[in-house]
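Numbering (my numbering), first residue to last: 580 to 650.
Glycine residues also receive a C-beta, built at the ideal position from the N, C-alpha and C atoms.
Predicted model, so just to flag it, every value in this text is computed and none were measured.
Below is one structure, written out as structure tokens; comments come after it.
Written out as structure tokens, the structure reads:
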């Protein structure tokens, strides 16, 4: 997240971290610690957010992670 008063000079926003680069897994599997997380997308069903989709890069692998959102 970036912010600018004049649209020319930009700096990090005060709360520039949206989420940590750590994805918890279920079933006792270790957390995913990706190199990069990009392209967030919120899935909506009946106008309610149900999941967050993220493009993830870890070493030479790239994949999509779907994170269910609490209701």
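Exposure of residue i, with buried meaning 16 or more beta-carbon neighbours within 10 Å
i	result
residue 616	buried
residue 613	buried
Cross-strand partners of residue i (DSSP beta bridge)
i	result
residue 582	590
residue 628	623
residue 633	644
residue 523	Residue numbering for the chain in the displayed model covers 580 to 650; residue 523 lies beyond these limits and cannot be assessed.
Cβ pair residue i, residue j closer than 8 Å
i	j	result
residue 645	residue 632	yes
residue 635	residue 628	no
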